[in-house]
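Down below is the structure, laid out as C-alpha cells.
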Amino acid sequence: MNIHHISIQGAGEWNEDAVILRSDGGFYGVIDGATSLVPFRSVHGETGGRLASQIIKDYFKQIPGDDRRDLETLAKEANKRLGEAMRAEGIRMDRKSELWTAAMAVVRVKEHHIEYVQAGDCMIMALYQDGSIRTITRDHVAHIGEESMAVWKKGIDSGIRSKEALRGMVLPHLLENREKMNTRGGYSVLNGLPDADRYLEYGKINRIRLSGLLLVTDGLFYPEAWPQPEAENDNLRPDEELLRRVASEGLERYAKRLLALEEDDPECIRYPRLKMSDDKTGIWITF
1 MNIHHISIQG AGEWNEDAVI LRSDGGFYGV IDGATSLVPF RSVHGETGGR LASQIIKDYF
61 KQIPGDDRRD LETLAKEANK RLGEAMRAEG IRMDRKSELW TAAMAVVRVK EHHIEYVQAG
121 DCMIMALYQD GSIRTITRDH VAHIGEESMA VWKKGIDSGI RSKEALRGMV LPHLLENREK
181 MNTRGGYSVL NGLPDADRYL EYGKINRIRL SGLLLVTDGL FYPEAWPQPE AENDNLRPDE
241 ELLRRVASEG LERYAKRLLA LEEDDPECIR YPRLKMSDDK TGIWITF
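Counting along the sequence shown from 1, when you hit position 176 you're at 176 in the UniProt record's numbering, and nothing is skipped either side.
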C-alpha cells in the first residue's frame, strides 16, 4: 500500500484543512474546517475553522491503534470534543452563526475491507483494477452551493467584476445556509452539537479488486467554467474526472494545474467560486 498526500493553504490566513495519517491503526482522513460567520480568534490568532479541523485531527491522532470501536462512534466522539472546545471558549451553541464547523471523510483500512465515515462535502472515491470508478460518498453541500453560485452568476451577468462585490451579494444566502446545517433540508457537518450525529454517513466496502482510494476536500474539486463551452462534453462526471486526473498525474501535478487556473481568474469570473483559492487537501492510496 502506498500513500501520497498534500495539504496546500489557499487564499486565507490559515490552512483550515487537516489530514489524518495513522498507519498504525489504518486511519486516513481529510478534514475541511469552516470559519464561523461571527468572527472568532483564539489567543494564537486561529480561526474557528482552523481550530475545528485541528481538534478533530488531534482526536483521531490519539486513538489507540487497536481501538475496535467503529468509525461512526469515533466521529461522534470527535464531534463531542469539538463542542467541548467551543463551550470552553464561550461560544453560544444555540447560535449557528457562531459555531466552528468541519466537513470530514475518514477511512480505516483493514485486511479485507475499508470502513468509512463522512459529513459535508469531503469525498471518497474508489478505483478498481478494471478502471471503473465508484464514488463512495455524496456531496451533501452541493445543492447549497448551487444556490449561492446562481446569485454569483447573476451578479456577473449584471456587470459586476469584483469578487468582493459578488461575495457581498451572496453573503445573505451564506447566513441563511448556516441555519440549515444538520437539518433534513440542509447539509451535514460536524458542529459540536448532537444534531451532527444524526446526519453522519458511514459504512464499509470490501477490497475485492480495489486498486486505489482517493479522499479530498472540496478545494480539490475542479471548477466548472461558466458559461460552459459547448465543445466540452466527455461524458465524465466531475468526480470521475477528478479521480482519473489524480490517478494519471498524481496529486501534486493535479493541484498545480488547479492553482494555475485559479491564478488566471483572480476575481472568480471565468470559474465562479466563493474564494480565489480554497485550501486543498487530498490522500491518494494505492494497493
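Glycine included, each C-beta is placed from N, C-alpha and C at the ideal position.
Asked                                                                                                        : Found
W14, enclosing alpha helix (DSSP H) - first and last residue                                                 : Unbroken run through W14: none, as it is neither H nor E.
Whole-number beta carbon distance between T217 and K280, since they are thought to touch under 8 Å           : 7 Å
Backbone CA spacing between A126 and M104 [nearest angstrom]                                                 : 17 Å
Per-residue DSSP class, three states only, for R167                                                          : helix
Endpoints, the alpha helix (DSSP H) within which H143 is located                                             : A142 to D157
DSSP-derived helix/strand/coil call for I133                                                                 : strand
Min CB distance V246 to chain D below 9 Å                                                                    : As a matter of chain content, chain D is missing from the structure shown, which is built from one protein chain.
Short Cβ contact (9 Å threshold) for L215 with I133                                                          : no
Classification of Y128 by the beta-carbon crowding that lies within 10 angstroms, buried from 16 upward      : exposed
Test item: CB-CB of P223 and R273 under 9 Å                                                                  : yes
Inter-stretch contact at 8 Å, needing at least 3 Cβ pairs: the stretch 94–103 / the stretch 62–77            : no
Every unbroken alpha helix (DSSP H) within the stretch 52–138, with a cutoff of 4 residues, ordered by chain : 71–88
Distance, I269 Cα to V189 Cα                                                                                 : 28 Å
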